[in-house]
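6 protein chains.
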Amino acid sequence: MTRYEPKSSLHSPRFCGIRTFMRLPHVETFDGVDFAVVGIPWDDAVSHRSGARMAPEGIRRISVMLRPWNPAQNVKVFDHLSGVDYGDVDIVPGYIEDTYRRIEAAFEPLARAGVVPIAMGGDHSVTVAELRALARVHGPLAVVHIDAHVDTLDLHFGKKYTHGTPFRRVVEEGLVRPERSVQVGIRGPNYGPGDYEGSRRLGYDLITMYEIEEIGLNAVLRRIRARVGDAPVFVSLDIDAVDPAYAPATGTPEVGGFTGREILALVRGLRGLDLRGADVVEVIPALDPAEITAYLAANLMYELITLLALRRTEAGAGA
Amino acid sequence: MTRYEPKSSLHSPRFCGIRTFMRLPHVETFDGVDFAVVGIPWDDAVSHRSGARMAPEGIRRISVMLRPWNPAQNVKVFDHLSGVDYGDVDIVPGYIEDTYRRIEAAFEPLARAGVVPIAMGGDHSVTVAELRALARVHGPLAVVHIDAHVDTLDLHFGKKYTHGTPFRRVVEEGLVRPERSVQVGIRGPNYGPGDYEGSRRLGYDLITMYEIEEIGLNAVLRRIRARVGDAPVFVSLDIDAVDPAYAPATGTPEVGGFTGREILALVRGLRGLDLRGADVVEVIPALDPAEITAYLAANLMYELITLLALRRTEAGAGA
Amino acid sequence: MTRYEPKSSLHSPRFCGIRTFMRLPHVETFDGVDFAVVGIPWDDAVSHRSGARMAPEGIRRISVMLRPWNPAQNVKVFDHLSGVDYGDVDIVPGYIEDTYRRIEAAFEPLARAGVVPIAMGGDHSVTVAELRALARVHGPLAVVHIDAHVDTLDLHFGKKYTHGTPFRRVVEEGLVRPERSVQVGIRGPNYGPGDYEGSRRLGYDLITMYEIEEIGLNAVLRRIRARVGDAPVFVSLDIDAVDPAYAPATGTPEVGGFTGREILALVRGLRGLDLRGADVVEVIPALDPAEITAYLAANLMYELITLLALRRTEAGAGA
Amino acid sequence: MTRYEPKSSLHSPRFCGIRTFMRLPHVETFDGVDFAVVGIPWDDAVSHRSGARMAPEGIRRISVMLRPWNPAQNVKVFDHLSGVDYGDVDIVPGYIEDTYRRIEAAFEPLARAGVVPIAMGGDHSVTVAELRALARVHGPLAVVHIDAHVDTLDLHFGKKYTHGTPFRRVVEEGLVRPERSVQVGIRGPNYGPGDYEGSRRLGYDLITMYEIEEIGLNAVLRRIRARVGDAPVFVSLDIDAVDPAYAPATGTPEVGGFTGREILALVRGLRGLDLRGADVVEVIPALDPAEITAYLAANLMYELITLLALRRTEAGAGA
Amino acid sequence: MTRYEPKSSLHSPRFCGIRTFMRLPHVETFDGVDFAVVGIPWDDAVSHRSGARMAPEGIRRISVMLRPWNPAQNVKVFDHLSGVDYGDVDIVPGYIEDTYRRIEAAFEPLARAGVVPIAMGGDHSVTVAELRALARVHGPLAVVHIDAHVDTLDLHFGKKYTHGTPFRRVVEEGLVRPERSVQVGIRGPNYGPGDYEGSRRLGYDLITMYEIEEIGLNAVLRRIRARVGDAPVFVSLDIDAVDPAYAPATGTPEVGGFTGREILALVRGLRGLDLRGADVVEVIPALDPAEITAYLAANLMYELITLLALRRTEAGAGA
Amino acid sequence: MTRYEPKSSLHSPRFCGIRTFMRLPHVETFDGVDFAVVGIPWDDAVSHRSGARMAPEGIRRISVMLRPWNPAQNVKVFDHLSGVDYGDVDIVPGYIEDTYRRIEAAFEPLARAGVVPIAMGGDHSVTVAELRALARVHGPLAVVHIDAHVDTLDLHFGKKYTHGTPFRRVVEEGLVRPERSVQVGIRGPNYGPGDYEGSRRLGYDLITMYEIEEIGLNAVLRRIRARVGDAPVFVSLDIDAVDPAYAPATGTPEVGGFTGREILALVRGLRGLDLRGADVVEVIPALDPAEITAYLAANLMYELITLLALRRTEAGAGA
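Protein chains in written order, with the numbering used here: chain A, 1 to 319; chain B, 1001 to 1319; chain C, 2001 to 2319; chain D, 3001 to 3319; chain E, 4001 to 4319; chain F, 5001 to 5319.
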């Protein structure tokens, strides 16, 4: 069976060639594929700066810097995995519900074929559609939601679907298991204490940045792992969880966020979870002159892919 | 009756103070108001780069450079007019039809009160809603549509309302009189000759940039004036009508467009028409490091306002 | 009595409307006003990059992201306070002493009316004029001066008033009580040890960044609170106190500064002081493509305003 | 036989998907292919600003704006042609002669298979290698060299191969027929009259910008067509031929160049020539915040491709 | 006697070495010097965007592109001239009158030594001080003032010295001969017809851009040459005379200005005048990502220097 | 004997004058010179983004912010040292081996004269040539190599000299003493464990960022000092050792690097070593809109120079 891995930059310079994620083959097949990177260039549902529709392009562009050995986890990712760049979902500009249907149509077959989707938003509203597709296959999932914002408004501008509401919708639609789920990194000015209480009432464990500063990242990781347990899990990472110094290019930044090393440690610390899908959202390349936000996003996707490789190793080791 | 005019920059430096269009008072009244600048920060319906939602803010920011005497037309605009910055329409992110209703609700009372709206997009899809409001008051209008693109697709991404379809919709809805209307500046790669024929079949006089280069701007102006005649008219100016050198900050640029002096001459040449409303659309401040696109847009709005002042003078002179 | 609070972004998207600080009403009244945000767009007195004159505009632009509940301090700010955006002082380009007179004329009536001014520079030379006005009303003030630089030169380029001299002038003019005042965050290459000694001789407690790295922020906060005590206090925050990674857009950056979380903790830690005024200075929007510096500045202003709200709560609670 | 044409942007938004030139299939085949777009990301041989190695990526990114009907020439390009994005040549950073070998190895088989290469530099030194490959197949070619600079130095920094020398080398190596060739658009400060005389002594017809301003573009086109005649021809277009207002993002700009409309007219005016290959070089995306240079470059490539389509039509019409 | 000329870029790449104007020696001597480039980094007196203090640095940086033969005028400049980069005047931030004294002190000895100063602003207020120095040596001068704005306000913000007043001050102080002087390129919104009448009452011949569009550049040049005659002349060129497409990086842009080719032709057309000094002002490098404004400014300085060389040739030829 | 020190910015504003490093005299002499800043504008050998050829210019531009007293080390640098800006090496674009010869020719006489070179790259390939020159004079040196990448590939793109291979070459050529040398800060995706093992097999002590996070900076410093001992040492600092938040403007960034305060502490902690030369490489000004990368690089050079001053003090104190 064909195995898919990145083109090496040792002989072919990485700045040569069509830009795909990490120089992976752009193939629209499920055959022999363990994970697929998928772009969702939708940015209509945002409450401030738009431009995240260009994130898949921007992340691909700088992701050619990535290489197959992850020294932080000491694993050669493609010794264990075969992966592709599946391209983008054709979204429908200005029509969120049509766009949701397109995303669902793209993700459900991937999930059915056992391919783990690693998605690049787009704005955070896309997670609803991804989870609809995945829950149809895997049942309700645990979610590790890493973000500055709870995104659990009921109505936003009088509407149910925006980038401020997805994590309420996915509970209401029965797509996630809130008792197995956490929201991490939450902070910043909001409308009132009800914003946080709303999340907790939905069943999430909400871990604010203020609490993280007190208890430390290791405690947070223990709490996440205890809560998620062996449930199939989806990781949804809004780049604005990270401090604007490290991730300036996003639509609704919040000061006082994770440093680069912290967010990397957080994702690496999810090692062992039963990852069924993930997304990294809200990158705006037009605000990223040196591509540092897109490159951090690409690395976080790489760390998520690494988790899959590690799980294979450990599964193999356990066998 | 109160008259509204800009704050002078002779004593108060123009970089001091809250940014309104041209330093006009920000007043939400119709009383004693001849024209009102209105922002429509909607950019969801675009086929390439987003970001025009920030255009009203970006245009206001540099519009403080404008001053009350227009030497090209030799008129002191506020000797004849009273005008305000009416603020923005509260759009609904991700929902074009709700947004249309909000725009209509804002524009209809303005029109009824005899206030001429000078709108700043947003993307070009907003014109449908503006014309709905105006046509309810004034009946169907002539339109001078200045643009690189015909914007008369039927369906775009399978949808009726996007920034590629408004000038078909406004004919279908009976809001414009195509036999009194023109499309000017059209050019650039397209799907096929049917794109232009579609416009002509709707009844527009389509004047391509290629034809303008041959016959010259004066002939074009004669043709426009003959066609529009004394019909009440709406001018809709997509900044991508202008060459990217002069207006780089737009979502779907086309090379080979008007120079700055040409587009100014084109708008000035509309002197005498019975202007009932106008919009300037598709400016994206995030792509405009030196604000030259926003400043050209602000000047074109100023020239449109000047047309109103001139009409008053001439009407007065004629009385 | 009218109370002034920000427009909610829950229904009206924050990118809609005239930009005022935090979407506060732009009102030039003292009636029923607890605090007033005031811009001072002066940048002539700087020793390197100019452009801070656009800071009030740039900070207002991104400050629309702020919302009324501060979770770090757990207070709904506008349950306790009424505040406005008072607009900008009309400065006099090229003439610092005339500009000082304009600033004094704007600030003194505010102070007399019991309105706490939260100013946005401009460059740091403006603090002299603010303190002249405030000291006339409140008598000499304690100052918490957060900065990379001491700003206590005697003559700079042979002149008494530049952005390198204000904290000497305010002592000489008897506007501050140096024995109640501190300079925090000082660091970076300088002319000689005399630069620091000069500050100490003026009576300031000077806490360098090097010392802060050793003793930690909590010790610093205890020292500040002990020194200031219950004196009426002015907080003057030069954004270059913050590391260039977090605040790149300033004229005279210094490496090795506060992180975003540290500077937020520093300001939050001033809780309980008797704040009579504050300024945040030296932001240059033209160097801030993703607006991260302006947004940090806006948040620091928000934390300063929050201190006022907390003091009200505590005062109320104590009653 | 398979025919290759761009994906339509009418249903799939152009900002969705892996970026290839004009959304053409990325296929490495010659079968059924009339033209192939090829990137050459080499920028080491430049005399001022580097960064043109990213041009193929940057041009692809914005080229998704292009559509299949060229209204200026009134031809549906893909009714007559099948084309692909062939990807990039793997260059060898820091080693120009190795890089030349790689380019030759890529281009010769294309030419042998009758595929017309439309190349994207890279810096102008790459043309030598392209012409080596093409001349091996087609014999010496006429060249239409559109540029601000003659690029006919003998030694540059003591070396034979830099971006200042290619049009001397190609004559010396017998790759071009100078008596059939022209250099157009030449201007700007230089070392001495010998710079121009050198070109003329090599046999080129050198048409300066100063002469073009006098005699007009139509005369220039007549002169080019008369000189080239029916010889097989290569068009080499350095984007710095265009004025910096229209093409700011290049390494060695010269003021006083072609406008966008002029350069488009110049390329369109080559209609009828027997085009065997072309390149557009010296675009630097890092200097192109609104992508206007890259988009003009993409359009010029599109016009060159259109020339091929027209030749097919006319040939067909003549049959 | 030592002759000073630029370092050649044929062997030493132009991007190597300390940046001086055109790679001229940085020498503070008058001996054997025909012209001296002098920077005046003052930008405090501006009415909108600041940042022109960095213009000398920015212009020097890109001026290394210039080479010694001017093909438009067909002269090898340094066959006839010896020139240096004299460095910058040490201005006094925030104090315009002190700064004037420094400029005068720098320029008067240059003029006395027969060295022609070619100055780089800074903002336009610096011209007053330059002309004070030159008039002391040469008597009152004719001025060719190329600008979008008349700069003949009496008081600006209540002050006599700003960038809006210099061309009134120089007449009042008897430094220029208005009957021999012109203002060219004037346009754009202003306060009222009095703005232009004021200039004419001072004695200037005012040629608006609108008039230039009608009568053409050749007629303008004839009018300038007739008016100036054989008077010693100073050319003062505000870069905002040029259209924002060609010169975006300036503080108070005006749409509808000169193209690059027009402004070059205008300066070249001054051939034969008795040039005693010149300045190019109001460039803001922070707004110039591709350095096109600074490069046009550098070329205009080069054309001014070329005029000196031509005058030598012709004088020599006449001998 | 002449002593060379920076121009003071207390009277002459730092934004006035030709830009040299730290406003040091630009003198090409060895006489009375302790250290010389030298630029090496070479960027051809890079594996991703080019543009580091402009680093010497960009670092000089912002380095004018530096002042002579280093408070972190409490030393007035120029009480102990005399230093100059020696200008740049004339590199040969496109020819790495010729460029190496030019670098060697420039550095060897400096080293022979006892002048310590503080170099600014260019890309990291330049270090080979610097060490060739220094080793000829001082014998093999210890190296403290601070970088995200090991740079010890054997062949890169089939070639021996690129920016991925220098630290293998310098061992092979006998220029360094690997048993006295360390590589610090190494991290990020790579080809495989062999990348790190290769370095260790060459004899380097490799300290990854992951290890540094565990053991802390003080332990690292002890390890470095123990290893280097009293060997003559060269410090080679690739700016990508620093986190992209602090140093965005580099060609091959890696997330998870040093903060600004950490990298400063690391360099300051080298106090006491016998420093014979240093370089700071891989800064790309075109990606650095607020100059924060260049300013950090300038500060790191300043800290390296400070080490020389401290060594003099201590040597003196010891005498």
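Where a beta carbon is used, it is the ideal one built from N, C-alpha and C, also for glycine.
- Scanning chain A for C-beta atoms nearer than 9 Å to the C-beta of residue 5291/F yields nothing, as the closest lies near 12 Å away.
- For the pair residue 3250/D and residue 4296/E, the Cα-to-Cα distance works out to about 14 Å.
- Any Cβ of chain D closer than 8 Å to the Cβ of residue 4076/E would place that residue at the interface, and such an atom is present.
- Between residue 94/A and residue 40/A, the CB-CB gap reaches or exceeds 8 Å.
- Among the CB atoms of chain B, none fall inside 8 Å of the CB of residue 3209/D.
- For residue 5278/F, DSSP records a beta bridge to 5118/F, 5235/F.
- The C-beta distance from residue 112/A to residue 128/A rounds to 19 Å, too long to fall under 8 Å, and the pair is not in contact.
- Per the coordinates, the alpha-carbon of residue 173/A lies some 15 Å from the alpha-carbon of residue 151/A.
- One finds 93, 94 in chain A with Cβ atoms closer than 8 Å to the Cβ of residue 1162/B, taken in chain order.
- Distance from the CA atom of residue 5060/F to the CA atom of residue 2253/C, rounded to whole angstroms, is 15 Å.
- If only complete runs of 3 or more residues are kept, the region 1066–1144 of chain B shows the beta strand (DSSP E) at 1083–1088, 1116–1120, in order along the chain.
- Of the other Cβ atoms in all chains shown, fewer than 16 fall within 10 Å of the Cβ of residue 2002/C; this residue is therefore exposed.
- Ranked by Cα distance from residue 4145/E, the first of 4300/E, 4241/E, 4045/E, 4077/E is 4241/E.
- Residue environment for residue 2008/C: exposed (fewer than 16 other C-beta atoms within 10 angstroms of its C-beta).
- Here the region 4222–4241 of chain E makes contact with the region 4274–4287 of chain E; the two share three or more CB pairs at distances below 8 Å.
- For residue 4140/E against residue 4184/E, the beta-carbon gap comes to about 19 Å, at or over 8 Å, which does not count as contact.
- For residue 1046/B, at least one C-beta of chain A is nearer than 8 Å to its own C-beta.
- Restricting attention to 1202/B, 1203/B, 1188/B, the CA atom closest to the CA of residue 1210/B is found in 1188/B.
- The residue among 3082/D, 3033/D, 3279/D, 3024/D with its C-alpha nearest the C-alpha of residue 3304/D is 3279/D.
- With fewer than 16 other CB atoms across the displayed protein chains lying within 10 angstroms of its CB, residue 4222/E is exposed.
- An exposed status is given to residue 5101/F, since fewer than 16 other beta-carbon atoms sit within 10 Å of its beta-carbon.
- Counting only runs of 4+ residues, the alpha helix (DSSP H) found wholly inside the region 2185–2222 of chain C occupies 2193–2202, 2209–2215, in chain order.
- For residue 1159/B, the residues of chain A that pass the 9 Å Cβ criterion are 92, 93, 94, 95, 98, in the order they occur in the chain.
- Not one beta carbon of chain A lies nearer than 8 Å to the beta carbon of residue 1105/B.
- Within a 10 Å sphere around the beta-carbon of residue 103/A sit 16 or more other beta-carbons, which makes this residue buried.
- Contact of residue 15/A with chain D is assigned, a C-beta pair being separated by under 8 Å.
- Below 8 Å, too few C-beta pairs join the region 5265–5272 of chain F and the region 3030–3037 of chain D to call them touching: fewer than three.
- Secondary-structure assignment with DSSP links residue 1159/B through a beta bridge to 1156/B.
- Secondary structure at residue 3267/D: helix, using DSSP grouped into helix, strand and coil.
- For residue 5107/F and residue 5085/F, the gap between their C-alpha atoms comes out near 13 Å.
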